[in-house]
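Colleague:
Number of protein chains: 2
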Amino acid sequence: MTKKPLILVTNDDGINAPGIRTLISIMKTIGDVVVVAPDSPQSGMGHAITLDSTLYVEQVFIDDGPQTEYSCSGTPADCVKLAIREKLTRKPDICVSGINHGSNSSINVIYSGTMSAAIEAGIEGIPAVGFSLLDYAWSANFEATHDFVKTIVENVLNQGLPNGVVLNVNIPNLSKEKIKGIKICRQAKANWVEEFDKRKTPQGRDYYWLTGKFVNLDGGEDTDEWALENGYISVVPIQFDLTAHHYIQTLNTWNLND
Amino acid sequence: MTKKPLILVTNDDGINAPGIRTLISIMKTIGDVVVVAPDSPQSGMGHAITLDSTLYVEQVFIDDGPQTEYSCSGTPADCVKLAIREKLTRKPDICVSGINHGSNSSINVIYSGTMSAAIEAGIEGIPAVGFSLLDYAWSANFEATHDFVKTIVENVLNQGLPNGVVLNVNIPNLSKEKIKGIKICRQAKANWVEEFDKRKTPQGRDYYWLTGKFVNLDGGEDTDEWALENGYISVVPIQFDLTAHHYIQTLNTWNLND
Chain S
926 MTKKPLILVT NDDGINAPGI RTLISIMKTI GDVVVVAPDS PQSGMGHAIT LDSTLYVEQV
986 FIDDGPQTEY SCSGTPADCV KLAIREKLTR KPDICVSGIN HGSNSSINVI YSGTMSAAIE
1046 AGIEGIPAVG FSLLDYAWSA NFEATHDFVK TIVENVLNQG LPNGVVLNVN IPNLSKEKIK
1106 GIKICRQAKA NWVEEFDKRK TPQGRDYYWL TGKFVNLDGG EDTDEWALEN GYISVVPIQF
1166 DLTAHHYIQT LNTWNLND
Chain B
926 MTKKPLILVT NDDGINAPGI RTLISIMKTI GDVVVVAPDS PQSGMGHAIT LDSTLYVEQV
986 FIDDGPQTEY SCSGTPADCV KLAIREKLTR KPDICVSGIN HGSNSSINVI YSGTMSAAIE
1046 AGIEGIPAVG FSLLDYAWSA NFEATHDFVK TIVENVLNQG LPNGVVLNVN IPNLSKEKIK
1106 GIKICRQAKA NWVEEFDKRK TPQGRDYYWL TGKFVNLDGG EDTDEWALEN GYISVVPIQF
1166 DLTAHHYIQT LNTWNLND
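Chains as they are written, first to last, in the working numbering: chain S, 926 to 1183; chain B, 926 to 1183.
Here is the structure:
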C-alpha cells in the first residue's frame, strides 16, 4: 500500500468557517490531514505576517476524524510558517488553502489571505493550491465543489508543481450539473473602483468604510473572469517572482547613472 | 513654466518615520506633494486592506512646507485608495512609497507594506516606485539616498512606466561615495528560514515570536541581492499580473476534465 500523502490545510476565513470544514472533509478522503488555521477571519490580509506581536497556537477539536487541528492567532502566512516549523513532523506533500467564501480571481489574488497562505507554502517548496467559491455568504453551499477539488488535488499530488508556481482555483456559485468543467486561465486585467462611504461617529468625527465596484476591462476569453462568467472553474498558475522581465531591457536604456 | 508634477507620498513605517520625512523633503524639490500615510507602523502588512473596520483620515502638520499631509488609521494600500478617491483633486503623476527602514529586496517584496502601496498605485494606473534603505534602525541615515531617489523619480516622471509595472528600489546602507551606481535587476530567488522563539507567558501559556534567517540561494549576478551586496542600488521592475504564463501549456496537458 502506498504511503498516504500528508496534507496541510489552512484558510483565511478562520478555522470554524464552513469552507475550511468542507476542504478538510474532502482532504480526509485523500490523505493524512493537519490543519493550522487562523482563530478568526483574516480576509483582505494580503500577505501580512506578524512581526511585532506574539503568536498563539492551540490544538482544537472541531469535527470528528483522524485529522489534527490547530487554531492560530496569526495571519494565514503565519499559520503556514508555524505549521512547517513547529507542528508538522515532515514537509507536507501539498498545502491547500480555503475554500474561501468569495472570489479570489483576477486582481483579488493580491489582497487574498487564502492565496497568501498558498504562496507562503510555495515559497517553502511545497505544492500549493488556493480554492475559492464565488459566494461570500457564511452559509454558502460548498456541495458542488467536492469532486472538482478532489480532482485538482489528486492531479497536483500526481504531477507535482514546479518551484515557484502555485494554483489559484476559483469555483462559480453553481450546482454541480451546471459547472461546465475546469479551465486553465490567465489572471484577468480587472480591478476595483473603490468608493468610500463617508460617515460621522456619534461624536461627529469623520470616518470611512471601504466599498467598491469590481470592473473587468479584459475582453480575453482565456482569463479567469471569462471562465467563471461562463460556468467554468478557473485554474490560474501564479508565481511569486514578481519581476517584470519584459521591461528590464527598456529600463537599461534610462540614464540612471549619468 | 511647465506645470509641477503632483506627487503622492506614502509608506508603511508610519507618517512620523524618518524615512518618509526624507522622501517628502526630496519630493518637495520636484513637485507638489500630498502625503497620505499610516498613523502607526504597518511593516509586514503585505497587501492588507481594511474590510471589516472603519478608517480615519486626519490632516496633520509635521514639517514646515507647502505639502499637504494626512494621517490614516489604515494599511498602506488603504492610504493609497483613500488618497486617490477622497483627498487628491486629480490623479497624481507619480506615487512614491518609503523610504522604508529595512530591505524589501527579493522575496521581501511579498511581505512589504511599502511595496503594496506602490502596487496599489500601479493598479490604479499611476507610475509608482517603492524605496527602501537596508537599515532597519529608526535612526537610519538617509543622507546618501537623496540624489539617487531624485534621479529615479525624475526618470519615471520623464519616461513613464507601462501599465502593470512598478519599481522596487533598494539602497545599500553605504555612504554616497561608496555607492557604485544604480543597477536594473531581477528579483533574487531567496527566502526566509523561519525560526520561532517559543516562550511561556507569566501564566504558563506557550507563545511564539517569529524570527528567521535570510537565505539567498540565487547565484545570479543580475539579481537585486547581488547588486546590493556589491554596493549598487537595485531597481527591479515588478508586476501584479501574477500569472505563471510559462506553465499554462503544461497544465493544459493534465486530465482535469476526465
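Ideal Cβ positions, reconstructed from N, Cα and C, are used throughout, including at glycine.
Counting contacts by CB-CB distance shorter than 8 Å, is ARG1111(S) in contact with chain B?
Modeller: yes
Colleague: Starting from SER1159(B), trace the beta strand (DSSP E) both ways and give me its first and last residue.
Modeller: 1157 to 1164
Colleague: Report all residues from its chain with a CB closer than 7 Å to the CB of MET926(B); omit the five preceding and five following residues, and keep chain order.
Modeller: The predicted position of MET926(B) is uncertain, since its pLDDT is 46 and thus under 50; no value can be drawn from it.
Colleague: If I follow the unbroken alpha helix (DSSP H) through ILE1035(B), where does it start and stop?
Modeller: Annotation: the continuous alpha helix (DSSP H) that includes ILE1035(B) extends over 1033 to 1036.
Colleague: Find out if the Cβ-Cβ distance for the pair ASN1098(S), LEU1058(S) is shorter than 8 Å.
Modeller: yes
Colleague: Leaving out the 5 sequence neighbours to the left and right, which residues in its chain are closer than 6 Å to ALA1152(B) when beta-carbon positions are compared?
Modeller: LYS1108, CYS1110, SER1159
Colleague: When you compare the CB of SER968(B) with every CB in chain S, is at least one pair closer than 8 Å?
Modeller: yes
Colleague: With DSSP as the reference, please indicate the residues paired to LYS1108(B) in a beta bridge.
Modeller: SER1159(B)
Colleague: Comparing alpha-carbon positions, which option in VAL982(B), LYS1075(B), ILE987(B) lies nearest ARG1010(B)?
Modeller: VAL982(B)
Colleague: Mind checking if TYR981(B) is an interface residue toward chain S, Cβ cutoff 8 Å exclusive?
Modeller: yes
Colleague: Among HIS972(S), VAL1074(S), ALA1115(S), which has the Cα closest to the Cα of ASN1141(S)?
Modeller: ALA1115(S)
Colleague: Helix, strand or coil for ASN1093(B) per DSSP?
Modeller: strand
Colleague: What residues from the stretch 1151 to 1166 of chain B come within 9 Å of chain S, judged by C-beta to C-beta, listed N to C?
Modeller: For the stretch 1151 to 1166 of chain B, which is checked against every Cβ of chain S, the residues closer than 9 Å are ILE1158, VAL1160, VAL1161, PRO1162, ILE1163, GLN1164, PHE1165, ASP1166.
Colleague: Measuring only between beta-carbons, confirm whether THR1168(B) sits less than 8 Å from chain S.
Modeller: Look at THR1168(B): its C-beta is under 8 Å from a C-beta on chain S.
Colleague: State the beta-bridge partners of GLY1137(B) as determined by DSSP.
Modeller: In the DSSP output, where bridge partners are listed per residue, GLY1137(B) has GLU1119(B).
Colleague: How many whole angstroms separate the CB atoms of ILE949(S) and ASP1003(S), which I take to be in contact at a CB cut-off of 8 Å?
Modeller: At roughly 19 Å, the Cβ-Cβ gap does not stay under 8 Å, so ILE949(S) and ASP1003(S) are not in contact.
Colleague: Between the alpha carbons of SER996(S) and GLU1150(B), how many angstroms are there, rounded?
Modeller: 36 Å
Colleague: Can you tell me whether HIS1026(B) is buried or exposed? The criterion is at least 16 other CB atoms within 10 Å of its CB, across all chains shown.
Modeller: buried
Colleague: Kindly identify the DSSP beta-bridge partner or partners of VAL960(B).
Modeller: VAL934(B), GLU994(B)
Colleague: I'd like to know whether the C-beta of PRO1017(S) is nearer than 8 Å to at least one C-beta of chain B.
Modeller: no
Colleague: Compute the Euclidean distance between the alpha carbons of THR1148(B) and THR1000(B), then round it to the nearest angstrom.
Modeller: 29 Å
Colleague: Taking beta-carbon pairs under 7 Å, can you tell me which members of the stretch 1080 to 1097 of chain S lie near chain B?
Modeller: ASN1080, GLN1084, PRO1087, VAL1090
Colleague: Applying the 10 Å Cβ sphere with the 16-neighbour rule, what's the burial state of HIS972(B)?
Modeller: buried
Colleague: Which same chain residues end up closer than 8 Å to LYS928(S) when comparing Cβ atoms and leaving out the 5 residues on each side of it in sequence?
Modeller: none
Colleague: For GLU1011(S), report the span of its alpha helix (DSSP H) as first-last.
Modeller: Per DSSP, GLU1011(S) belongs to no alpha helix (DSSP H) and is neither H nor E.
Colleague: Helix or strand or just coil, what does DSSP make of ASN1025(B)?
Modeller: strand
Colleague: Check whether the Cβ of LYS1006(S) lies closer than 8 Å to any Cβ atom in chain B.
Modeller: yes
Colleague: Would DSSP call PHE1056(S) helix, strand or coil?
Modeller: Strand, per DSSP.
Colleague: With DSSP as the reference, label ILE987(S) as helix, strand or coil.
Modeller: coil
Colleague: Pair every Cβ in the stretch 1017 to 1034 of chain S with every Cβ in the stretch 1088 to 1095 of chain S, then say whether three or more of these pairs are closer than 8 Å.
Modeller: yes
Colleague: Could you check where the alpha helix (DSSP H) with PHE1073(B) kicks off and where it finishes?
Modeller: Boundaries of the alpha helix (DSSP H) harbouring PHE1073(B): 1071 to 1084, taken from the DSSP string.
Colleague: Please report how far the alpha carbon of SER1064(B) lies from the alpha carbon of GLN967(S), in whole angstroms.
Modeller: 33 Å
Colleague: Just list the residues that DSSP pairs VAL1005(S) with in beta bridges.
Modeller: BP columns for VAL1005(S) are empty, so no partner.
Colleague: Which residue or residues does DSSP assign as beta-bridge partners of LYS1125(B)?
Modeller: ASP1131(B)
Colleague: Check the Cβ-Cβ distances between THR1039(S) and every residue of chain A, and say whether any is below 8 Å.
Modeller: Protein chains in the displayed structure are S and B, and chain A is not among them.
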